[in-house]
Amino acid sequence: MLAEEKMNILLVDDMPSKILALESVLADLGQNIVKAKSGTEALRYLLQQDFAVILLDVNMPGMDGFETASLIRQRKNSEHTPIIFITAINTNETHVYRGYSLGAVDYIFTPVVPEVLKAKVAVFVDLAKKTQQIRVQAQELARSNRELEEFAYVASHDLQEPLRMVGSYTQLLAQHSKEHLDAEATEYVEVVIKSVKRMHALINDLLEYSRIGRRTKKLTSTNCEDVLQAVMFDLKSLVTETQAKITHDMLPSVMADNSKLYQLFQNLISNALKFHGNRPPKIHVSATLKDGEWIFSVRDNGIGIETCYFDRIFQVFQRLHSSREYPGTGIGLAICKKIAEFHGGRIWLDSEFGIGSTFYFAIPIEKSPLLNESQELAEMEVG
Ligand code: ADP
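Counting from -7, one number per residue, gives the positions in the sequence shown under the numbering used here.
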């Protein structure tokens, strides 16, 4: 069990007798205690392993506790490790402030009160255990998500072939037995063919959805103006048919997978064209920079969505209308959500029923750590 795993505690003091005293107090906690006689030795240990907490003597010959702490903070893998300084009780306040500015989380004054020491260290041990549990759970979740995506990909891919056979043999059967089929039988055949087509569309969309996490390209600086122009060009006939008017503000360049960004814009704009109600669609695309993210918006004057459906519509196969009213498979927005998250961003909407909707998605300027991680994993898969 993970909760039982021992955490490392680092004791740094040049006096063996003081280390011994600390060690005997902390032995009750049942953790793994590592001892260093100098700042240099402590830094060496920090290169090799992670620590739940560091107990650092302020007064050491050579590199003192403050210098050691500042070097600990400069290193990536120990920049957040809690440091408790151990110092004499008569320490003046400026001395204490210096420690805090170097990243100390606490002070323990000598002579050490065993119960206080134990309680303070126990808090950090507990925190480290919980952090580790969360990290393991997140890795487990990412792994099972990848497995699920892989399953969806394989299943939808393998379902296509038998479905194609059902479709083409039904058509052959209908042609072959044309003269023998009465009106009712002909209608049955038509229903089968229509259902095959619909299922084909659903499988294709599911395949598309499960492909998003499988990375094939590196993120590059992508000009959103170009992406939008390409989308508008490809939707030209729909725009003419619906007498739509699409306007847009200046759009920025972002680090993105351009084909995925194209898909995101295309899904949002074609939805805005599709769900237009009685008025010809008026669509406006814009982008604003806020708190390190580009926030894009696609606003329409369509049928609108009731607030209670705001979350549901981003789930796979969730639609608010029958395919007779508005054609579709109910995957478009789930794909948009996945694409936004793939870029380290998010998607949401604002809408007024009967008035119109605005879909927003955010793309961070800096690549998120999550994205880097999934990028590496997927690149490993591809390679
Ligand atoms: P699809 O378009 O295939 O139905 P989506 O996942 O793109 O699937 O959309 C899910 C549902 O969200 C749609 O069926 C529709 O009810 C609603 N919706 C999406 N975009 C809009 C929009 N711009 N205006 C009104 N409703 C929308």
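The beta-carbon is built from N, C-alpha and C at its ideal position, and this holds for glycine as well.
- At least one heavy atom of the ligand ADP sits closer than 6 Å to the Cβ of Ser349.
- In this structure, the C-beta of Ala236 stays at least 6 Å away from each heavy atom of the ligand ADP.
- For the pair Asn0 and Asn24, the CB atoms are nearer than the 7 Å cut-off.
- C-alpha of Ile295 to C-alpha of Gln258: approximately 19 Å in a straight line.
- Judged by DSSP secondary structure, Tyr254 falls within the alpha helix (DSSP H) whose first and last residues are Asn250 to Lys266.
- In this structure, the alpha-carbon of Glu233 lies about 10 Å from that of Leu265.
- Contact between Asn250 and Gly324 fails: their C-beta atoms lie close to 19 Å from each other, not under 8 Å.
- Around the C-beta of Thr60, 16 or more other C-beta atoms lie within 10 Å, and the residue is accordingly described as buried.
- The Cβ neighbour count for Tyr254, taken over all protein chains shown within 10 Å, is at least 16; the residue is labelled buried.
- Per DSSP, Val105 lies in no beta strand (DSSP E) segment and is marked neither H nor E.
- Here the distance from the Cβ of Thr299 to the nearest heavy atom of the ligand ADP is not below 6 Å.
- The alpha-carbon of Gln41 is positioned some 27 Å away from that of Glu107.
- Under DSSP, Leu119 forms no beta bridge with any residue.
- Look at the stretch 142 to 187 and you find no whole run of alpha helix (DSSP H) that is 4 residues long or longer.
- Burial is judged here by how many other beta carbons sit within 10 angstroms of a residue's own beta carbon; Arg291 has at least 16 and is buried.
- By the criterion of at least three beta-carbon pairs nearer than 8 Å, the stretch 155 to 175 is not in contact with the stretch 128 to 138.
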